[in-house]
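Residue numbers (the numbering used here): 262 to 977.
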């Protein structure tokens, strides 16, 4: 699934560099500047409080939840699944009465092409089986795992023999964390073993990787998660953190990892509704947008917060397993309570850092926070922000690709035709890519300011004014959630269904503003849809915007005055389109149609320039659904278009007078409201200022204070 994104990024560079001319996209507004505050918790790093300590989740509750999940996980042994082996090892460790037969595990439980993408996932799974399984698993299984660890290539710039092609992807946020964890713990596990590609011992591998582990953890502390609120990849970012927490012995790493584990669980807790990670996503896929069944985060949310009546999706999931497997770490009770809370809450967050692919060209662009674009050591950092095809990083892309034979790999092969051109005039290549940044830099995640409102009945969440008009490779701009399978969102699609591009990412990001229950989304692409034979196949887009509104999953759906309104239980949602909408017939060739008897695809034809407004509510706000329908459909909605400038005026029945324009800011009841000045985290449970590593979170009598940069942590 990740390859789709990488191919898109590569295609961006190919198409942009091959094009002879293009129109410059407008420069988006930069991030706002909030107040800078001092960390509330000083002091050096803390030791982890023992499970059962005050301020951590109740230990009897945790053991009960763990036993329930492990009973499901160990109902049978799957000899082809290394995580099934880990589940059995964990249950045997926690339940002395449990018996199983490790001799039934075949040596093929570990294997596959060691140069395939996601092999680092299997290497991480191997750490758990190895550390837990010594003295329990058959000797040949232990040997097979140790051989895999010693035979792995952990870095793109490690030596590689002539003729060998390594197709692994080393650079996204989750892969960087996982490779660092794999190499560090793998080296510690077999310290005297000589590793194949480097000739270094395991101890030397661990030593050279220690600082990389620390750097990656501290990046998460300072900047959050670049792939913000990803209901696919957040799990693969916190999985290496939990792996380090269980098996690392280094006190600094343990202290830092505890703080990042806390903040990752906080992200889940405060952006979850009935088990659904219903926030906007920096990276998201079709399945996770249409149903909780496609979310890799669901089982973790169910295990920790127990806020859904749906069953676990599958029973060998590393999300809950790696939490269950913790002998030293427990989630703070304040965070668990936040995830289980039914109270109405507004959650504002900031993730990432402000790389702008539209900034004015310079031969020496200045990178934020001192991460020099021209320093090869920072290449993995910038590529993990999705900046592969941002003009600032183009020289490093080409240098690294040539030096380390990346042009020969599956995902870089499309760039190989450009090597000579780039040698002749790399500056021209940078200028060209900048001119086409509206779509060529579609993978650039940038700095995201996210906003979520939730009650016991509904949730509405958005990424605010993010890369307005530009393509977003896998970005999910906003979502309304009424239940595990009842979601609503809009998108500007690139290609027709059944292509994934009909569902994943967007050809243009809307300018979005949200005030609690209500949000305005203005779509206006910053670039014309290419029609030439070079750019058109990859970057042309459809001439409409559309909404996912699955009628079968609602108890009631009505339409009036341009609004489409739905009810699920006591939760309500209303969606308005400036352009008249029509239901598309069910497309049986599209997997989204599975089980559907009524249309779900609400299209606004005519142009991708459109305004959508969404408001959610419930019985506690409006009483019955009739009252909600009457209030919403009678509300004032005005859209003005003058010389290309779009202004929207919506008077929400509850949130009041809302105004947003393409050339103006956001006003709430005539008061200017900054769009992009979010702190790192703000919710009813606490606040952390922008670029701060310090949190002070409280839910009732449970409190946790964290300084995730220094490792200081206090629970009570």
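For glycine and all other residues, C-beta sits at the position ideal for the given N, C-alpha and C.
Legend entry - Integer Cβ distance of residue 629 from residue 616, believed to fall under 8 Å: Sequence index remark: in the chain shown, residue 629 carries index 368 (1-based). Sequence index remark: in the chain shown, residue 616 carries index 355 (1-based). 7 Å between Cβ atoms; contact.
Legend entry - Inter-residue spacing [alpha-carbon to alpha-carbon] between residue 647 and residue 442: Counting from 1 along the chain shown, the entry for residue 647 is found at position 386. Counting from 1 along the chain shown, the entry for residue 442 is found at position 181. Looking at the two C-alpha atoms, the distance is approximately 21 Å.
Inset, instruction - Starting from residue 408, follow the alpha helix (DSSP H) in both directions and report where the run begins and ends. - result: As a working mapping, residue 408 is identified with position 147 in the chain shown. Unbroken alpha helix (DSSP H) run through residue 408: 400-411.
Legend entry - Start-end ranges of the alpha helix (DSSP H) lying completely within the stretch 543-631, minimum 4 residues: 547-551, 559-566, 579-585, 594-601
Legend entry - Contact set for residue 508: own chain, Cβ-Cβ below 7 Å, skip 5 residues either direction: Numbered from 1 along the chain shown, position 247 holds the residue referred to as residue 508. Excluding residues within five positions, the ones whose Cβ falls inside 7 Å are 388, 392, 446.
Legend entry - Inter-stretch contact (C-beta, 8 Å, three-pair minimum) for the stretch 346-355 and the stretch 591-608: no
Legend entry - Separation of residue 822 from residue 718, as counted between CA atoms: For this step, residue 718 is matched to residue 457 along the chain shown. For this step, residue 822 is matched to residue 561 along the chain shown. Distance between the alpha carbons of residue 718 and residue 822 is about 24 Å.
Legend entry - CA nearest to the CA of residue 626, picked from 692, 566, 599, 638: Mapped onto the chain shown, residue 626 falls at position 365. Minimum Cα distance to residue 626 is reached at 692.
Inset, instruction - Output the distance between the C-alpha atoms of residue 829 and residue 468, rounded to the nearest integer angstrom. - result: Translated into the one-based positions of the chain shown, residue 829 becomes position 568. Translated into the one-based positions of the chain shown, residue 468 becomes position 207. Spanning the two alpha carbons is a distance of roughly 54 Å.
Inset, instruction - For the stretch 326-336 and the stretch 369-377, state whether three or more C-beta atom pairs, one from each stretch, are separated by less than 8 Å. - result: no
Legend entry - Close beta carbons around residue 336, own chain, < 8 Å, minus the five adjacent residues each side: The residue given as residue 336 occupies position 75 in the chain shown. Cβ within range, chain order: 576.
Legend entry - 8 Å CB neighbourhood of residue 661 in its chain, flanking five on each side removed: Here residue 661 refers to the residue found at position 400 of the chain shown. So the qualifying residues of the chain are 417, 418, 637, 640, 667.
Legend entry - residue 951: first and last residue of the uninterrupted alpha helix (DSSP H) it sits in: For this step, residue 951 is matched to residue 690 along the chain shown. Premise fails: residue 951 is in no alpha helix (DSSP H) and is neither H nor E.
Inset, instruction - State the DSSP-derived secondary structure class of residue 892, mapped to helix, strand or coil. - result: Taking the chain shown and counting its residues from 1, the one referred to as residue 892 is at position 631. DSSP places residue 892 in helix when its eight states are reduced to three.
Inset, instruction - Grab the span of the alpha helix (DSSP H) containing residue 388 for me, first residue to last. - result: Your numbering for residue 388 matches position 127 in the chain shown. Per DSSP, residue 388 belongs to the alpha helix (DSSP H) from 380-394.
Legend entry - Reduced DSSP category for residue 445 - H, G, I as helix; E, B as strand; rest coil: To locate residue 445, count along the chain shown from 1; it is residue 184. In this structure, residue 445 counts as helix in the three-state DSSP scheme.
Inset, instruction - Would you mind reading off the limits of the beta strand (DSSP E) that contains residue 911? - result: As a first step, residue 911 is located in the chain shown; it is residue number 650 there, counting from the start. From DSSP, the beta strand (DSSP E) with residue 911 extends over 906-913.
Inset, instruction - Go to residue 782, then tell me how far its beta strand (DSSP E) extends in each direction, as first and last residue. - result: Counted from its first residue, the chain shown places residue 782 at position 521. From DSSP, the beta strand (DSSP E) with residue 782 extends over 779-784.
Inset, instruction - State the CB to CB distance for the pair residue 974 and residue 520, rounded to an integer number of angstroms; the pair is presumed to be in contact (CB under 8 Å). - result: For the purposes of this step, residue 974 is identified with residue 713 of the chain shown, where counting begins at 1. For the purposes of this step, residue 520 is identified with residue 259 of the chain shown, where counting begins at 1. Contact flag correct, Cβ pair sits at about 6 Å.
Legend entry - residue 710 and residue 544 closer than 8 Å at C-beta: Here the question's residue 710 lines up with position 449 in the chain shown. Here the question's residue 544 lines up with position 283 in the chain shown. No.
Legend entry - Run of the alpha helix (DSSP H) containing residue 656, from where it starts to where it stops: As a working note, residue 656 is residue 395 in the chain shown. Note, residue 656: alpha helix (DSSP H), 655-664.
Legend entry - Contact check, residue 753 vs residue 802, beta carbons under 8 Å: Indexing the chain shown from 1 puts residue 753 at position 492. Indexing the chain shown from 1 puts residue 802 at position 541. In this structure, residue 802 lies closer than 8 Å to residue 753 by Cβ.
Legend entry - Euclidean distance between Cα positions of residue 286 and residue 407: As a working note, residue 286 is residue 25 in the chain shown. As a working note, residue 407 is residue 146 in the chain shown. Caution applies to residue 286, whose pLDDT of 32 falls short of 50 and renders its modelled position unreliable; the value that the coordinates give is listed next. The straight-line gap from Cα to Cα measures roughly 51 Å.
Inset, instruction - Evaluate residue 657 with the Cβ neighbour count: other Cβ atoms within 10 Å of its Cβ, from every protein chain shown; 16 or more gives buried, anything less gives exposed. - result: To locate residue 657, count along the chain shown from 1; it is residue 396. With 16 or more Cβ atoms within 10 Å of its Cβ, residue 657 is classed as buried.
Legend entry - Proximity winner among 380, 514, 791, relative to residue 804 (alpha-carbon distances): Looking up residue 804 in the chain shown gives position 543. Nearest option by C-alpha distance: 791.
Legend entry - For residue 866 and residue 785, the rounded distance between their alpha carbons: Counting from 1 along the chain shown, the entry for residue 785 is found at position 524. Counting from 1 along the chain shown, the entry for residue 866 is found at position 605. Residue 785 and residue 866: Cα-Cα distance of roughly 14 Å.
Inset, instruction - Taking only the alpha-carbon atoms, compute the straight-line gap between residue 663 and residue 401 and give it to the nearest angstrom. - result: The residue labelled residue 663 in the question sits at position 402 within the chain shown. The residue labelled residue 401 in the question sits at position 140 within the chain shown. Approximately 40 Å, taken between the alpha carbons.
Inset, instruction - Could you tell me whether the stretch 357-365 touches the stretch 466-480, where touching means 3 or more Cβ pairs closer than 8 Å? - result: no
Legend entry - Any non-hydrogen atom of the ligand PLP within 7 Å of residue 320 CB: With respect to small molecules bound, the structure shown includes none, and the ligand PLP cannot be examined in it.
Inset, instruction - Can you give me the Cβ contacts of residue 497 inside the same chain, cut-off strictly under 6 Å, excluding the 5 residues immediately before and after it? - result: What you label residue 497 is simply residue 236 of the chain shown in a count that begins at 1. Cβ neighbours of residue 497 beyond the five flanking positions: 435.
Inset, instruction - Whole angstroms is fine: what's the gap from residue 765's alpha carbon to residue 810's? - result: What you label residue 765 is simply residue 504 of the chain shown in a count that begins at 1. What you label residue 810 is simply residue 549 of the chain shown in a count that begins at 1. If I take the Cα positions, the gap works out to 16 Å.
Inset, instruction - Count the other C-beta atoms from every protein chain shown that fall within 10 angstroms of the C-beta of residue 310, then say buried if there are 16 or more, exposed otherwise. - result: Position 49 of the chain shown, counting from 1, holds the residue named residue 310. The residue in question, residue 310, is buried, as its Cβ has 16 or more Cβ neighbours within 10 Å.
Legend entry - Check whether residue 538 and residue 529 have beta carbons under 8 Å apart: Taking the chain shown and counting its residues from 1, one reaches residue 538 at position 277. Taking the chain shown and counting its residues from 1, one reaches residue 529 at position 268. It is a contact, given that the beta carbons lie within the stated cut-off.
Inset, instruction - Can you grab the Cα-Cα spacing for the pair residue 923 / residue 905, in whole Å? - result: Reading the chain shown from its first residue, position 662 is the one you call residue 923. Reading the chain shown from its first residue, position 644 is the one you call residue 905. One C-alpha to the other measures close to 9 Å.
Legend entry - For residue 775, the residue or residues it bridges with in DSSP: Taking the first residue of the chain shown as 1, we reach residue 775 at position 514. 780, per the DSSP bridge assignment.
Legend entry - Residue ranges of each alpha helix (DSSP H) within the stretch 303-341, 4 or longer: 320-334
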